[in-house]
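Enquirer: Let me give you the structure first, and then I'll get to my questions.
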Amino acid sequence: MSSHSKAGITPLVAVVAGGLTAALLDILYAFAAFSLRDVGPVRVLQSVASGLLGKASYQGGLATAALGGLLHAAIALVMAAVYVAASRSLPALNKRPWLWGPLYGLGCYMVMNYVVLAIRFGPRPTPELAMLLGGLAIHMFGVGLPIALFAARAALPARTPAATV
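Counted from 1, the sequence shown has number 40 at position 41 by numbering that gives the first Met the number 0; the numbering is strictly sequential.
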């Protein structure tokens, strides 16, 4: 086996690596997209915390921004855990992560925006086309795809150490 061959990782590593990668890419996209509307990173993170704290999150400064960051990461870790668990029961997901990952990301976008946020905050206005397309793209390729790629990596056999003589 060459030193460049891929070896499996544990499902836990897949969840953590996939979830944190997705969280980072998604929040960086949110920072960039909302900076075009003069909304800074602290406010973006406070808006995540507002799901738990309501309007009080905007008065909490860096503490509620940090809470928002932790909540954002926790949500992404749950998304990753769900996909990794599904991929263990449905091995076909691991054979085509380039297909199933973006589709999973699309599903995550729909659930977050049209179920979770709608339940918490009520019906949401239709986003502008650019924000809608950006949100779909980041969830497909920045959330779903990395999660699926790490899950597929967890399905590979683990590398065994070379025998010593």
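The beta carbon of each residue, even a glycine, is placed where N, CA and C say it ideally should be.
1. Fully enclosed by the stretch 17-97, which alpha helix (DSSP H) runs are 4 residues long or longer?
2. Measure the Cβ-Cβ separation of A55 and G100 and say whether it is below 8 Å.
3. Output the distance between the C-alpha atoms of Y57 and L128, rounded to the nearest integer angstrom.
4. What would DSSP say about G104, mapped onto helix, strand or coil?
5. Between I8 and R152, which are expected to be in contact by the criterion C-beta below 8 Å, what is the C-beta distance as a whole number of angstroms?
6. Whether or not the stretch 79-95 and the stretch 23-42 are in contact is what I'm after, with contact meaning three or more pairs of Cβ atoms, one per stretch, closer than 8 Å; do they touch?
7. I need the DSSP call for G133, collapsed to helix, strand or coil.
8. For P90, tell me which candidate among H138, R123, L35 and A150 has the shortest Cα-Cα distance.
9. By the 10 Å Cβ neighbour count, where 16 or more other Cβ atoms means buried, how is M173 classified, buried or exposed?
10. Taking the alpha carbon of V115 as the point to measure from, which residue in M130, I74, Y103 and P10 has its own alpha carbon closest?
Expert: The answer reads as follows:
1. 40-52, 60-88 and 91-94
2. no
3. 27 Å
4. helix
5. 5 Å
6. no
7. helix
8. A150
9. Since the first residue shown for the chain is 0 and the last is 164, residue 173 is missing from the structure and cannot be characterised.
10. I74
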